[in-house]
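Protein chains in written order, with the working numbering: chain C, 4 to 302; chain R, 573 to 890.
(1) Excluding the five sequence neighbours on either side, which residues of its own chain have a C-beta within less than 7 Å of the C-beta of residue 841/R, listed in chain order?
(2) Within the 8 Å Cβ cut-off, does residue 739/R reach chain C?
(3) Hey, could you find the ends of the alpha helix (DSSP H) residue 750/R is sitting in?
(4) Mind checking whether residue 40/C and residue 741/R have CB atoms under 8 Å apart?
(5) For residue 63/C, I'd like the list of residues in its chain whose CB is within less than 7 Å of its CB, leaving aside the five on either flank, ordered along the chain.
(6) Measure the C-alpha to C-alpha separation of residue 657/R and residue 723/R and round it to an integer number of angstroms.
(7) Given this structure, state the Cα-to-Cα distance separating residue 246/C from residue 294/C, to the nearest angstrom.
(8) For residue 618/R, which residues in chain C fall below 8 Å Cβ to Cβ?
(9) CB-CB under 8 Å to residue 235/C, same chain, minus the five flanking residues each way: which ones, in chain order?
(10) Is residue 653/R close to chain C? Criterion is C-beta to C-beta, closer than 8 Å.
(11) Apart from the five residues just before and just after residue 689/R, which ones in its own chain have a Cβ nearer than 8 Å to its Cβ?
(12) Quick one: which residues of the stretch 262-286 of chain C get their C-beta closer than 7 Å to a C-beta of chain R? List them in chain order.
(13) Any idea if residue 601/R is buried or exposed, counting beta-carbon neighbours within 10 angstroms, 16 or more meaning buried?
(14) Within its chain, find whatever has a CB closer than 8 Å to the CB of residue 287/C; leave out the 5 residues flanking it on each side and keep chain order.
(15) Take the Cβ of residue 834/R as the centre, count every other Cβ of all protein chains shown within 10 Å, and call the residue buried at 16 or more, exposed below.
(16) For residue 205/C and residue 168/C, I'd like the C-alpha separation in whole angstroms.
(17) For residue 190/C and chain R, any beta-carbon pair shorter than 8 Å?
(18) Does any CB atom of chain R fall closer than 8 Å to the CB of residue 169/C?
(19) Compare the Cα-Cα distances from residue 712/R to each of 31/C, 226/C, 34/C and report the closest residue.
(20) Within the same chain, show all residues whose beta-carbon is closer than 7 Å to that of residue 853/R, passing over the 5 residues directly before and after it, in chain order.
(21) Say whether chain C places a C-beta atom closer than 8 Å to the C-beta of residue 792/R.
(22) Buried or exposed for residue 887/R, please, with buried defined as at least 16 other CB atoms from any protein chain shown within 10 angstroms of its CB.
(23) Rounded to a whole number of angstroms, what is the C-alpha to C-alpha distance between residue 588/R and residue 595/R?
(24) Would residue 680/R pass as an interface residue toward chain C - the criterion being a Cβ-Cβ separation below 8 Å?
(25) With distances taken Cα to Cα, identify the nearest neighbour of residue 620/R among 34/C, 73/C, 139/C.
(26) May I have the straight-line CA-CA distance separating residue 31/C from residue 679/R, to the nearest angstrom?
(27) Counting contacts by CB-CB distance shorter than 8 Å, is residue 324/C in contact with chain R?
(28) Mind checking whether residue 131/C and residue 871/R have CB atoms under 8 Å apart?
(29) Is any non-hydrogen atom of the ligand GDP found closer than 7 Å to the C-beta of residue 643/R, if you look at the structure I gave you?
(30) Going by DSSP in three states, residue 739/R sits in which element: helix, strand or coil?
(31) Could you work out which residues of chain B lie near residue 846/R, taking near to mean beta carbons separated by less than 8 Å?
(32) To the nearest angstrom, how far is it from the Cα of residue 673/R to the Cα of residue 761/R?
(33) Taking residue 699/R as the query, report the chain C residues whose CB atoms sit under 8 Å from its CB, ordered along the chain.
(34) Report the CB separation of residue 832/R from residue 744/R in whole angstroms; it is logged as a contact under 8 Å.
(35) Can you check which of these residues, 196/C, 170/C, 118/C, is closest to residue 604/R by C-alpha distance?
(36) Taking contact to mean 3 or more Cβ pairs, one atom from each stretch, closer than 8 Å, check whether the stretch 774-782 of chain R and the stretch 797-810 of chain R are in contact.
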C-alpha cells in the first residue's frame with residue numbers, strides 16, 4: 004500500500020484500499036441520511052390513505068394518488084401564504100441588496116473620510132442588539148405590526164453580508180480602472196453603476212441568494228409580528244400552524260367531509276413548501292459555497 | 573497620500589491647509605449620500621430598539637408609556653433571578669448548547685477530513701450536494717419532516733423498528749428521547765454545510781507535503797493527524813470562539829419547530845422564555861431584562877474565549 008502510493012510520479016487515483024472503501028461507506032451513509040427522509044415524505048404525500056394508515060409506506064409511494072395535492076391547490080389560504088412569501092422575499096432581497104451596495108461601496112473607498120467610524124456603526128450590530136422585546140416594541144411603535152413591512156424592513160440590513168460585499172469590492176476592483184474613469188471625469192455614481200456593479204455580478208448573485216433563502220426560510224419574526232392579520236402569514240408560518248401546532252385545519256376540510264388522513268396532507272404540504280427550495284438548490288449551491296468562503300476570509 | 577489624492581482630484585484645494593470635514597463632504601458628497609440610506613436604516617431598526625433596553629431598569633406600564641414609567645434600578649433583575657423558570661431556562665440553554673457544541677461542532681470536522689481523503693472528484697461532489705441539502709431547509713420543514721419520521725404512532729422509523737420486532741420509541745414525545753432527537757436533528761442539519769469552511773482551509777495544503785510524508789513512510793492516518801489537522805486548527809479555534817459566544821443563545825426557531833406539549837422539560841431556553849414572558853404574557857420589562865442578561869453574558873463569553881485563544885498562541889477573532 005505504502006510502496007505503491009510512495010512514488011509521487013504515479014497518479015494515486017484508481018487505487019482503492021480498504022480504508023478508502025470504509026471512508027466512502029461512511030460518506031454514503033451520511034449522504035443517504037440527508038436524502039432518504041425526503042424520499043419518504045414525498046412517497047407518503049403520493050400514497051393513498053389506507054397504506055399510510057397501515058404504516059406500509061417506506062421509500063416508494065403505495066397506491067399512487069395526487070388527491071392530497073389537489074386539496075392543497077384548492078386551499079386558498081395556503082396559496083395566499085405562498086403569494087405573501089414570494090412578495091416578501093422579492094421586496095426583501097431587492098432592498099437588502101440596495102442597502103448592502105450603498106454601504107459597501109463608500110466603505111471600500113480609501114479616500115472616504117470617516118469610514119472607520121461608519122464601519123464600526125454598521126458592524127457593531129453584529130455583536131450586540133436590542134433583543135427580541137426591544138425589537139418588538141420598536142416595530143410596534145413604528146406602526147408596522149401586522150403588515151408585510153414588518154417582515155421586509157427590519158432584517159433587510161445584514162452586517163455580515165455588508166462585510167462580504169466590502170471585502171469583495173476592496174479586493175476585486177482594480178484601483179487603476181477606477182482612477183482612469185475618474186480622470187475621464189466620472190463621478191462616484193457613474194463609477195459605481197458602470198464599473199463596480201458590472202464587475203461584481205458574481206458576488207451580488209451570491210448575496211442576493213443569501214438574502215432570499217434566509218427570508219424564505221425564517222418564521223420567527225412572522226410569528227412575533229403577524230398576529231391578527233392571518234391573511235398575511237408567509238408560507239413557513241402557515242406551515243408552522245398547520246403541521247407543527249396542528250391547530251389550524253385545512254380550509255376544505257370544514258366544507259366537505261374529508262376522508263384523507265391528515266398525515267398524507269401534512270406530508271404533501273411539506274413537499275409543497277420544500278419544492279421551491281429544491282428547484283433552485285442545484286443551481287445556487289455553488290454560489291453559497293463561494294459566499295461562505297468569502298465570509299471566512301475576514302477571520 | 574490623502575493630501576496627494578485630494579490635490580489630484582480637486583485643483584482648488586490648498587495643499588498647505590489641513591482639510592476640514594466640509595471639504596471632504598464637498599468632494600465626496602456622492603459617497604456620503606449613498607451611505608446615508610443604510611445608515612438611516614441601521615439607526616431606525618438596530619440602534620433605536622437599543623434605547624428600549626432601558627425598560628429593563630424600569631417598571632414598564634403601557635399606560636404610563638416608555639418615559640413615564642418608574643425607574644427601579646436592578647429590581648427587575650433581582651426578580652427574574654429568583655424565578656424557578658429562570659434557573660431552568662439557563663440550565664437548558666447551557667445544556668442544549670454545550671451538547672450541541674460536542675456533536676454538531678465536531679461532526680463537520682470529521683466529515684471534512686473524510687471528504688478530503690476521497691480522491692474521486694465526482695464521488696466527492698455528489699456527496700457534498702446531498703450533505704449540504706438540509707442546511708437550505710427551514711426549521712419548520714425540518715420539524716415537520718422530523719415528526720413524519722420519528723413520531724411514536726406513525727413515524728416511519730418506528731414502523732421499521734416494529735417490523736424488525738422492536739418496540740416503538742417516543743423519539744420526540746418523551747423528555748430524554750426528545751433531547752437526543754433534538755441533538756441528532758441538529759447534527760443532521762449542519763454537518764454537511766459546516767464542512768465547507770474546513771475544506772477551504774484544506775485546499776490550501778501543498779500536495780507535496782503529503783507526498784513527502786508518504787516517502788518518509790507515513791500512513792494515511794498519520795498524514796491526516798500531522799498535515800490535515802494542523803492546517804485547519806486555526807479555523808477550528810476561530811469557530812469554537814464564535815460558538816462559545818452563542819452558548820447562551822441557541823436558535824429559537826429550532827426549539828419552536830421541534831417542541832410539543834409532551835416535552836417541556838428541556839424546551840424552555842432563554843429565548844423561549846423571553847418570548848413567553850414578553851410577547852405572550854406582555855411582561856416587557858422582565859423579558860427585556862432577561863434578553864439583556866443573555867446578551868451581556870454572551871459578549872463576556874466571546875471576549876473571554878478570545879483572550880484564552882490568544883494566550884494559547886492562536887489568532888482570535890477580535
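Don't be surprised by glycine CBs; every beta carbon is placed ideally from N, CA and C.
Well, looking at it:
(1) The sequence position of residue 841/R within the second chain is 269, counting from 1. Same-chain partners within the cutoff: 661, 664, 665, 668, 822, 827.
(2) What you label residue 739/R is simply residue 167 of the second chain in a count that begins at 1. It does not: the Cβ of residue 739/R has no partner Cβ on chain C nearer than 8 Å.
(3) Within the second chain, numbered from 1, the residue matching residue 750/R stands at position 178. Per DSSP, residue 750/R belongs to the alpha helix (DSSP H) from 747-762.
(4) Here residue 40/C is taken as the residue at index 37 of the first chain, counted from 1. Here residue 741/R is taken as the residue at index 169 of the second chain, counted from 1. No, the pair does not count as a contact, with Cβ atoms beyond the cut-off.
(5) Along the first chain, one-based indexing puts residue 63/C at 60. Answer for residue 63/C: 46, listed in chain order.
(6) The sequence position of residue 657/R within the second chain is 85, counting from 1. The sequence position of residue 723/R within the second chain is 151, counting from 1. Rounded to the nearest whole angstrom, the C-alpha separation of residue 657/R and residue 723/R is 28 Å.
(7) In the first chain, residue 246/C corresponds to position 243, counting from 1. In the first chain, residue 294/C corresponds to position 291, counting from 1. Cα to Cα, residue 246/C sits roughly 32 Å from residue 294/C.
(8) By 1-based counting over the second chain, the position of residue 618/R is 46. 128, 132, 133, 160, listed in chain order.
(9) Walking along the first chain from the start, residue 235/C turns up at place 232. Once the five neighbours on either side are set aside, the close Cβ partners of residue 235/C are 87, 149, 150, 151, 229.
(10) For the purposes of this step, residue 653/R is taken as residue 81 along the second chain, with counting starting at 1. It does not: the Cβ of residue 653/R has no partner Cβ on chain C nearer than 8 Å.
(11) In the second chain, the residue the question calls residue 689/R occupies position 117. Hits under 8 Å: 792, 796.
(12) 266, 269, 270, 273, 276, 277, 280, 284
(13) Locating residue 601/R in the second chain gives position 29, counting from the first residue. Residue 601/R is exposed by the Cβ-count criterion.
(14) Here residue 287/C refers to the residue found at position 284 when the first chain is read from its first residue. Correct list, in chain order: 212, 216.
(15) Translated into the one-based positions of the second chain, residue 834/R becomes position 262. The residue is exposed, with fewer than 16 neighbouring Cβ atoms inside 10 Å.
(16) To locate residue 205/C, count along the first chain from 1; it is residue 202. To locate residue 168/C, count along the first chain from 1; it is residue 165. Taking the straight line joining both Cα atoms gives about 11 Å.
(17) Residue numbering aside, residue 190/C sits at position 187 when the first chain is read from its first letter. True, the Cβ-Cβ gap to chain R drops below 8 Å.
(18) By 1-based counting over the first chain, the position of residue 169/C is 166. No, because no Cβ of chain R sits closer than 8 Å to the Cβ of residue 169/C.
(19) Translated into positions along the second chain, residue 712/R becomes position 140. Considering only alpha carbons, the answer is 226/C.
(20) On the second chain, residue 853/R is found 281 positions in, with the first residue counted as 1. No residues qualify anywhere along the chain.
(21) Taking the second chain and counting its residues from 1, the one referred to as residue 792/R is at position 220. Yes, because at least one Cβ of chain C sits closer than 8 Å to the Cβ of residue 792/R.
(22) Here residue 887/R refers to the residue found at position 315 of the second chain. Residue 887/R comes out exposed.
(23) By one-based count along the second chain, residue 588/R stands at place 16. By one-based count along the second chain, residue 595/R stands at place 23. Note that residue 588/R scores a pLDDT of 44, beneath 50, so its modelled location is shaky; the value from the coordinates is reported in the next line. Rounded to whole angstroms, residue 588/R to residue 595/R spans 14 Å at the Cα level.
(24) If you number the second chain from 1, residue 680/R lands on position 108. Cβ-Cβ to chain C under 8 Å: no for residue 680/R.
(25) For this step, residue 620/R is matched to residue 48 along the second chain. With distances taken between Cα atoms, residue 620/R lies closest to 139/C.
(26) Working through the first chain from its first residue, we reach residue 31/C at position 28. Working through the second chain from its first residue, we reach residue 679/R at position 107. The alpha-carbon atoms of residue 31/C and residue 679/R are separated by roughly 15 Å.
(27) In this structure chain C extends from 4 to 302, so residue 324/C is not present and cannot be described.
(28) The residue given as residue 131/C occupies position 128 in the first chain. The residue given as residue 871/R occupies position 299 in the second chain. For residue 131/C and residue 871/R, yes; Cβs fall inside 8 Å.
(29) In the structure on display, the ligand GDP does not appear, and there are no ligands present to speak of.
(30) Here residue 739/R is taken as the residue at index 167 of the second chain, counted from 1. Here residue 739/R sits in coil by DSSP.
(31) No chain B is part of this structure, whose protein chains are labelled C and R.
(32) Residue numbering aside, residue 673/R sits at position 101 when the second chain is read from its first letter. Residue numbering aside, residue 761/R sits at position 189 when the second chain is read from its first letter. Approximately 14 Å, taken between the alpha carbons.
(33) Numbered from its first residue, the second chain carries residue 699/R at position 127. Result: 30, 31, 33, 34.
(34) Here residue 832/R corresponds to residue number 260 of the second chain, with the count starting at 1. Here residue 744/R corresponds to residue number 172 of the second chain, with the count starting at 1. About 7 Å separates the two Cβ atoms, so the contact holds.
(35) Working through the second chain from its first residue, we reach residue 604/R at position 32. Cα-wise, what sits closest to residue 604/R is 118/C.
(36) yes
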